[in-house]
Amino acid sequence: MPDSVTMANYNISFSGQVENPGDSTQTWVYRITKIGEPFPQINLWVLVLCTDPKHHVISSTGTGTVELGICPSCFSGITNTIIWKDLNNENVNGFYSFTIKGCFEPADIPVFLSTGNTLNTGLITGPSCQPMEPHNDKFYIL
C-alpha cells in the first residue's frame with residue numbers, strides 16, 4: 049500500500065491509524081508537506097471513502113474547511129468523500145485526520161489534490177470497506 053503520494057509538489061503521507069474500541073471508532077492521520085513554493089497553489093484535497101458499508105465521519109482535524117459527501121470536482125459516481133478546502137501554500141503544511149464509526153482494514157484508496165484548474169489523482173493507504181474487529185487502543189504505523 050502506498051504510504052505517501054506526491055502530486056503537484058505536495059506530498060501527502062499516511063501517518064497511521066488509531067483504533068478507539070471504547071466507542072468503536074477509528075482515526076486516520078495524514079500529513080501534507082509542500083515542496084518548495086508550488087504554483088498554482090493547492091485549493092483542496094480529497095479522500096474517497098466507502099459507500100457500502102458507508103464510512104460515517106464523526107470528526108476531523110486540519111486546516112481549511114471540511115466538507116463531507118459528494119466531491120463535485122472528482123470523477124462522477126464518487127458519493128462519499130472528505131474534502132479539506134480553502135487551502136493555500138501558507139496554511140497547507142501539517143496534519144489532517146478524521147474519525148469514522150467502526151474499524152476497517154487498511155487498503156489503497158483514491159486521493160485527489162486540486163491546484164488551480166488541475167485535479168491530480170493518486171492512491172494512498174486509508175480505510176477499506178472491509179470491517180475488522182477492534183484491537184486494544186493500538187497505534188499502527190504502516
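Okay, so the sequence shown: first residue is 49 according to my numbering, each after it adds one. All C-beta atoms, glycine included, are put in the ideal place defined by N, C-alpha and C.
request  = Thinking I148 and H103 are a contact (beta carbons under 8 Å), I'd like their distance in whole angstroms, please.
outcome  = Taking the Cβ atoms as the reference, I148 lies roughly 5 Å from H103, within the contact range of under 8 Å.
inquiry  = Restricting to Cα atoms, I'd like to know which of T111, P120, I106, N168 is closest to D71.
reply    = Comparing Cα positions, the closest option is I106.
query = Contact check, C119 vs T129 under 8 Å by CB: the rounded distance?
reply = Rounded, the Cβ-Cβ distance is 4 Å, consistent with contact.
inquiry  = Taking the beta carbon of N68 as the centre, do at least 16 other beta carbons fall within 10 Å, making it buried, or is it exposed?
reply    = It counts as exposed.
ask   = Hey, W76 and P175 are a contact pair by Cβ (cut 8 Å); roughly how many whole angstroms apart?
value = Right, their Cβ atoms sit about 6 Å apart.
query = For the candidate residues V66, E153, F146, T54, whose alpha-carbon lies nearest to that of E115?
reply = Closest option to E115, Cα to Cα, is F146.
key: Beta carbon of M55 nearer than 9 Å to that of N141   = No, they are not a contact pair.
ask   = Taking DSSP as the reference, what is the three-state secondary structure of I131?
value = Reduced to three states, the DSSP call for I131 is strand.
key: DSSP beta-bridge partners of E85   = Per DSSP, E85 has no beta bridge partner at all.
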